[in-house]
Every structure is written in C-alpha cells, then in structure tokens.
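Residue numbers (full-length UniProt numbering): 1 to 86. Remarks on the structure that follows.
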C-alpha cells in the first residue's frame with residue numbers, strides 16, 4: 001500500500017485515527033510505503049526508512065541508522081531540525 005502524506009489535511013483527532021489504522025496494518029505484517037512528516041511515528045512503525053532529497057534517495061537504513069546516526073549532511077540537518085521543532 002502507498003500512503004502519501006495521509007495526515008496532512010486532517011484535524012488532530014483524525015490524525016490519531018489514521019495513524020492507528022496504519023500501525024495496525026504494520027502489526028499485521030503489511031508492506032507499506034508511507035510518505036510522512038510524522039517522524040516519531042515513522043521511527044516507531046518502520047523497519048526501513050528512506051530519506052529523499054530532490055526526488056532521489058539520499059540515504060536509506062533502519063530507523064535507528066537514519067534517526068540516530070545519519071550519514072549524509074542533508075539527512076543529519078533534517079533530523080536535527082526536526083528534533084529542535086518537536
């Protein structure tokens with residue numbers, strides 16, 4: 001399944017509902033591609049993360065690798081900026 005920013009236009013109550021459905025699908029072992037700015041959710045539910053820049057894969061790895069030890073400068077800046085704002 002492909003989800004492209006499934007929570008972007010939702011009110012906060014609906015965001016939680018949508019994330020629960022996606023989490024339940026992940027627990028069932030479903031394969032999904034999820035485009036999101038919900039970084040905490042992505043970290044929690046993913047087994048592989050891709051960081052895209054200008055439409056290209058800049059970095060890929062486990063959530064631990066991407067969020068705790070990003071290799072590329074752009075990915076590191078993105079992760080650090082997200083930590084400061086959330």
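Note that the Cβ used here is the ideal one computed from N, Cα and C, for glycine as well.
In the three-state reduction of the DSSP assignment, residue 53 falls in the strand class.
The continuous stretches of alpha helix (DSSP H) do not include residue 4, which lies in the beta strand (DSSP E) extending over residues 2-4.
The shortest CA-to-CA distance from residue 40 to any of 30, 33, 63 is the one to 63. The Cβ neighbour count for residue 31, taken over all protein chains shown within 10 Å, is under 16; the residue is labelled exposed. Scanning the stretch 54-84 for uninterrupted alpha helix (DSSP H) segments of 4 residues or longer gives 63-68, listed from N- to C-terminal end.
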